[in-house]
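Undergrad:
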Amino acid sequence: MLRTRTEYLTFHTKERMAIVNITAQIVDIVRKSGVRDGACLINAMHTTSSVLVSDDENGLRADLLKFLELIHAQDRSGRAGRTGVLDPHHDNMDAHLLHHVFGRDVLVAVTDYRLDLGPWEQVYYGEFDGMRPKRVLVKAFGV
Amino acid sequence: MLRTRTEYLTFHTKERMAIVNITAQIVDIVRKSGVRDGACLINAMHTTSSVLVSDDENGLRADLLKFLELIHAQDRSGRAGRTGVLDPHHDNMDAHLLHHVFGRDVLVAVTDYRLDLGPWEQVYYGEFDGMRPKRVLVKAFGV
Amino acid sequence: MLRTRTEYLTFHTKERMAIVNITAQIVDIVRKSGVRDGACLINAMHTTSSVLVSDDENGLRADLLKFLELIHAQDRSGRAGRTGVLDPHHDNMDAHLLHHVFGRDVLVAVTDYRLDLGPWEQVYYGEFDGMRPKRVLVKAFGV
């Protein structure tokens, strides 16, 4: 018999963009699922946020901001004095693009009742257009 | 007992690049699978196309075209009067790159017999080198 | 009853960046799993490497190097004579970024006891900060 457990997490960040470590919450849901061997799907339910795996919260935040700045700088290059097509005050296209670059979902193996992550892997919620409640789906399944 | 249902969808777009909303077809396959609780894998079977989740077809198309234009513009910057390495008339490298940026596969949860998407999430086939028949695999599994 | 098989592959590349075709190893694990219908999760266990699906090893390597060169060139544009924020001698931020662009995990369907890949799809390990042992998790599951 396949065991499953589904939960929905809600995030409401104060900043427009934020990276939140949600590993402890995923570990807890997997523990409650009773799954010994299987996998856990974690996905953003909005198209302007991501679920991603990276290793260090501060480093990741810095990477993300530098990457975004880089994209915006490139967008504006050759458009001296003009607004780039990706500027967030224009619309939230930058958030949609980051959703695709950083990804919608991750699937993490569950082995011997635990989330089978590498030694530095942590699960993050990536918010790219926040300041409002947004949801993440978590579904553990297996035997 | 695990239920599974596997179908292959074929797309033959008139344009080289196109974004096609395939949500209704996925909903139909999940309904036919009889899966109550589980997940549905949807993946491109070609390395120059993607399956992705985004929220609005027209907005997504515009995003994609602007993003591609941006990548090409950056590629040519500093190469005044020369062809950029990513130009599609050179080869289809741009299509391969977009495959990686937009992703090969998505896994969507199935809960209470329905595709468990967020309110604005829609499933799209992203064609980056079309005008020929290409396939997408859909496999629903669960109890 | 759900069948599962979990293996860990270790890679130690001589170059800092490398793309390794691991399809034969995944095919072998799926065969040993005895799974007839289900899926196989393949994921990097490090946040500076990827598992990805592409079609041609040499072309993929060339794509990757050109893409990286492009990112670095853009990073330095407007910074005449200065070091870009992405330079690898500064830190391994380029490897983290590539991990996000190329993705952490892929899920490949298993149908009729075989890996259900498209005709040109091959599974690759993408190493972006190697010259040390790093692991990939492979878990086949299904009936």
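Chains as they are written, first to last, in the working numbering: chain A, 1305 to 1447; chain B, 1305 to 1447; chain C, 1305 to 1447.
Here a beta-carbon is modelled for each residue, glycine too, at the ideal position from N, C-alpha and C.
#1: Run through chain B and tell me which residues come within less than 9 Å of methionine 1349 of chain A, C-beta to C-beta.
#2: Answer yes or no: do valine 1414 of chain C and cysteine 1344 of chain C have a C-beta to C-beta separation smaller than 8 Å?
#3: Give the interface partners of serine 1358 of chain C over in chain B, defined as CB-CB distance under 8 Å, in chain order.
#4: According to DSSP, is aspartate 1359 of chain B part of a helix, a strand, or is it coil?
#5: Output needed for glutamate 1319 of chain C: all residues of its chain with C-beta closer than 7 Å, excluding positions within five of it in sequence on either side, in chain order.
#6: Between which two residues does the alpha helix (DSSP H) carrying arginine 1309 of chain A extend?
#7: Quick check on DSSP: helix, strand or coil for isoleucine 1330 of chain B?
#8: Could you please give me the residues that DSSP links to glutamate 1431 of chain B through a beta bridge?
#9: With the cut-off set at 8 Å, would you say histidine 1403 of chain C and serine 1358 of chain C are in Cβ contact?
#10: Do you know offhand how far arginine 1335 of chain B's Cα is from histidine 1350 of chain A's?
#11: If we cut at 8 Å on Cβ distances, does phenylalanine 1445 of chain B have a partner in chain C?
#12: Does any residue of chain A have a CB that is nearer than 8 Å to the CB of threonine 1308 of chain B?
#13: Span of the alpha helix (DSSP H) holding aspartate 1409 of chain B?
#14: Considering leucine 1402 of chain A, what are the terminal residues of the alpha helix (DSSP H) in which it resides?
#15: Going by the CB atoms, is the gap between arginine 1340 of chain C and valine 1410 of chain A shorter than 8 Å?
#16: Taking 8 Å as the cut-off, decide whether the C-beta atoms of phenylalanine 1315 of chain B and glycine 1342 of chain C are in contact.
#17: State yes or no: is the beta carbon of leucine 1441 of chain C nearer than 8 Å to at least one beta carbon in chain B?
#18: Around the C-beta of tyrosine 1312 of chain B, are 16 or more other C-beta atoms found within 10 angstroms, so that it is buried, or is it exposed?
#19: Our contact map puts leucine 1368 of chain A next to isoleucine 1330 of chain A with C-beta atoms below 8 Å; I'd like the distance itself, whole angstroms only.
#20: Please report the residue range of the beta strand (DSSP E) in which aspartate 1341 of chain C lies.
#21: Along the chain, where does the beta strand (DSSP E) containing isoleucine 1446 of chain B start, and where does it finish?
#22: For glycine 1434 of chain C, decide whether its Cβ has a neighbour in chain B, counting only Cβ atoms nearer than 8 Å.
#23: Confirm, please, whether the CB-CB distance from glycine 1422 of chain A to leucine 1356 of chain A is below 8 Å.
#24: Using a Cβ-Cβ distance cut-off of 8 Å, determine whether glycine 1430 of chain C contacts chain A.
#25: Apply the 10 Å Cβ neighbour rule to aspartate 1332 of chain C and answer buried if 16 or more other Cβ atoms are within range, or exposed otherwise.
TA: The short version:
#1: Correct list: Asp1420, Leu1421, Gly1422, Pro1423, Trp1424, Glu1425.
#2: Contact flag set, yes.
#3: The answer, in chain order, is Thr1351, His1400, His1403, His1404.
#4: Coil, per DSSP.
#5: Within the same chain, Gly1434 come within 7 Å of glutamate 1319 of chain C by CB-CB distance, once the 5 residues on both sides are set aside.
#6: Arginine 1309 of chain A: not part of any alpha helix (DSSP H); member of the beta strand (DSSP E) spanning 1307–1315, first to last residue.
#7: In the structure shown, isoleucine 1330 of chain B sits in a helix (DSSP, three-state: H, G or I).
#8: In the DSSP output, where bridge partners are listed per residue, glutamate 1431 of chain B has B/Ala1322, B/Ser1353.
#9: The answer is no: Cβ separation not under 8 Å.
#10: Cα-Cα distance, rounded: 23 Å.
#11: So yes, phenylalanine 1445 of chain B belongs to the interface.
#12: No, its Cβ sits nowhere closer than 8 Å to a Cβ of chain A.
#13: Note, aspartate 1409 of chain B: premise wrong, no alpha helix (DSSP H); beta strand (DSSP E) at 1409–1415.
#14: Leucine 1402 of chain A: member of the alpha helix (DSSP H) spanning 1397–1406, first to last residue.
#15: No, Cβ-Cβ distance for valine 1410 of chain A and arginine 1340 of chain C is not below 8 Å.
#16: Not a contact, by the Cβ cut-off of 8 Å.
#17: Answer no: the Cβ-Cβ gap between leucine 1441 of chain C and chain B never drops below 8 Å.
#18: Under this definition tyrosine 1312 of chain B is an exposed residue.
#19: Separation of the CB atoms of leucine 1368 of chain A and isoleucine 1330 of chain A is rounded to 20 Å, and the pair is thereby denied contact status at 8 Å.
#20: Its beta strand (DSSP E) spans residues 1341–1348.
#21: For the record, residue 1446 of chain B in the displayed sequence is glycine; it is not isoleucine. Secondary structure note for glycine 1446 of chain B: its beta strand (DSSP E) is the uninterrupted segment 1438–1446.
#22: Answer no: the Cβ-Cβ gap between glycine 1434 of chain C and chain B never drops below 8 Å.
#23: No, the Cβ-Cβ distance between leucine 1356 of chain A and glycine 1422 of chain A is not below 8 Å.
#24: It does not: the Cβ of glycine 1430 of chain C has no partner Cβ on chain A nearer than 8 Å.
#25: That one is exposed.
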